[in-house]
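Asks:
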C-alpha cells in the first residue's frame, strides 16, 4: 500500500498528536491535519495532579506551540468536532469536509457519568477535560467539602489534590482496598491508607443519590449516611464513544477494534488511544488499557504503519500516579500467577513490589523509587532470568541485576 | 567566555550515573547535571522542562536520560527531547577532561 497523500487525525490528545508528529518525523510528505474539539491540543494526566493543584493555564499543558505545529507542517483545527467520517473524508460539525486519504481516530474516552439519581445537579461533575478540572478546582476553596466518588487512579489523585487545596474530602468507594486487583494487596493497602493519613474521610460504600440543598448538595450513601458537600466529583472509570467509528462501518466492540499496527477493519482508517481495543494475534480482544504511554505508543505504531514501516515491538505496560507528594510507578502485572516480593524502606513501609513468575520478573511498582521500576521494565522486556532471593535482597538494586545480565 | 569549573575527578561519576552542580556553583540559571553515559561525559540543564524534577536522578542509559517523574527522554549530547511528555529540550554545557579533572564550561546564554 502506498502512503496516503493526506491524513486527518480526529482527536488531539497524546495518541493523536503523537501520530501526527511521528508521521512528519518519519518523512511523511502529505498534508497532516488534527481536528480537536477542545481549544487546543493538550496533555491530560496533569488535570488530576499538578495542573489541578496549581490551577495551571491550558496553554501550559499544550503539546506544542502554534509555531511548532506550523514548522512541522501540521495544521490544527481546534474548537470543532468531527461529525462523521467516510472513506476519504472527515466531515466537521461546522460543515467543512476535509479530504483524508488516511484517517486516524484518536477520539479518546469520556468519563462514565454518575450512575445515581441527582448526578445531573450542577454541583456534581466528572473529570475528563480541562474545563472539568477548573470547575472542580473553583469549588474546592479552603474549608469547602468535596465528595470524591471512586478511589481509582483519578479519584485518589483528586482526593490528594483537593486536600492540598484545603478542601475537606470525603472519598467513597465500595471496595475496602481499591486498587488491589491492579497493585496487589500490600501496595494497594499502603496507598489507600495515605488518604486517611492525610485527613480524608474514607467511606466504604456507594452513593445512592444526590439532592440539591440550596447551593450545596446532600450525598446519600448506601449505609444511610448523608454528606453535605459543596462539590461532588465522580471518578468511576471511562466509557468510549464509538459513534464516529460506527458511522463509517468500522468494527466496534466496546471500543474500536484494532490490530497491533492500529489498523481498524476499514482500509485507510486507523485508531489509537483510549478509544481502542487491541485484537491480539491469537484473536482475543485485550481489555482496554487507558494509560498514557499506551496511547503514545499507539500513535507511534500508526505513524509507522502509514509510512509502510514495521511498528516497534512493545514491552510491558507502564504508568505513573502522583499523590500526597509521592510518585508511584507501575510496570507489567502485579497480580495473578507467581509470587509477590515486597521491598521495604527503612520505615518498614513498602517501597517497591515485585512479581516473579517462573523465574522471570513480570511486574513491579515503586513509591518514590522510579529507577527500580525503570530497571524492572528492562529486566521484563529483555527477559532476564532472576531469582526470588535476588529480588528480595535490599542490598542488590535491580539495576545491578540488569548490569550483571549484560 | 565562562570559565571552566572543576566539578569532579575521573571515576567520581559512575557508569550511567550523574552528579548535580548547583546553580550557585555554576553561576547559571538552573542546576547542571553532569553525566557519564556510554563512556562519555556530558552536561545539561538539570531541571525537566515538563515538571519540577532533577534529571540527574533519572534513568541514564546509552546517552539518554529519562526523567524520574514522567519518563521524558533527553539526548545527553544535544539536549533534545527524544520522548514525551517534555515540551522542549534542555540547554547543553561543555565538559572537558583534563588529566583526571572533569571541567564544566556553562553555556554563556545560561549564566545567571
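Protein chains in written order, with my numbering: chain B, 91 to 496; chain D, 415 to 526. From the three backbone atoms N, C-alpha and C, an ideal C-beta is built for every residue, glycine too.
1. I'd like to know if the region 176 to 185 of chain B and the region 280 to 297 of chain B are in contact, where contact means that at least 3 CB-CB pairs between them fall below 8 Å.
2. With three or more C-beta pairs closer than 8 Å as the rule, is the region 469 to 477 of chain B touching the region 444 to 459 of chain B?
3. Have a look at the DSSP bridge pairing and note the partners of residue 201 of chain B.
4. Distance cutoff 8 Å, beta carbons only. Does residue 436 of chain D sit that close to anything in chain B?
5. Chain D beta carbons: is any one of them nearer than 8 Å to that of residue 386 of chain B?
6. Select from B:484, B:493 and B:485 the residue whose C-alpha is nearest the C-alpha of residue 474 of chain B.
7. How many angstroms separate the CA atom of residue 387 of chain B from the CA atom of residue 496 of chain D?
8. Compare the C-beta of residue 483 of chain D with all C-beta atoms of chain B and state if any pair is closer than 8 Å.
9. Taking residue 147 of chain B as the reference, which of B:166, B:156, B:363 and B:223 has the closest Cα?
10. With a cut-off of 8 Å, do at least 3 Cβ pairs link the region 221 to 235 of chain B to the region 403 to 420 of chain B?
11. Would you mind reading off the limits of the alpha helix (DSSP H) that contains residue 250 of chain B?
12. Could you tell me which whole beta strand (DSSP E) segments of length 3 or greater appear in the region 287 to 356 of chain B?
13. Taking the alpha carbon of residue 94 of chain B as the reference point, which residue from B:190, B:328, B:171 and B:159 has its own alpha carbon closest?
14. Report the rounded CA-to-CA distance for residue 438 of chain D versus residue 460 of chain D, giving the unit in angstroms.
15. State yes or no: is the beta carbon of residue 154 of chain B nearer than 8 Å to at least one beta carbon in chain D?
16. Can you list, in chain order, the residues of its chain whose CB lies under 6 Å from that of residue 139 of chain B, leaving out five sequence neighbours each side?
17. Of the residues D:442, D:423 and D:466, which one's Cα is nearest the Cα of residue 506 of chain D?
18. Can you give me, in chain order, the residues of the region 331 to 355 of chain B that have a beta carbon less than 9 Å from any beta carbon in chain D?
19. Hey, out of B:142, B:295, B:306 and B:104, whose CA is closest to residue 314 of chain B's CA?
20. Does the beta-carbon of residue 92 of chain B have 16 or more other beta-carbons within 10 angstroms, so that it is buried, or is it exposed?
21. For a contact defined as C-beta to C-beta under 7 Å, what are the partners of residue 133 of chain B on chain D?
22. Could you compute how far the alpha carbon of residue 440 of chain B sits from the alpha carbon of residue 135 of chain B?
23. For residue 496 of chain B, does the count of other Cβ atoms within 10 angstroms reach 16, so buried, or fall short, so exposed?
Replies: Let's see:
1. no
2. yes
3. B:328
4. no
5. yes
6. B:493
7. 13 Å
8. yes
9. B:223
10. no
11. 243 to 254
12. 291 to 294, 297 to 303, 306 to 311, 316 to 319, 321 to 324, 328 to 330 and 346 to 348
13. B:190
14. 13 Å
15. yes
16. 247 and 412
17. D:442
18. none
19. B:295
20. exposed
21. 499
22. 25 Å
23. exposed
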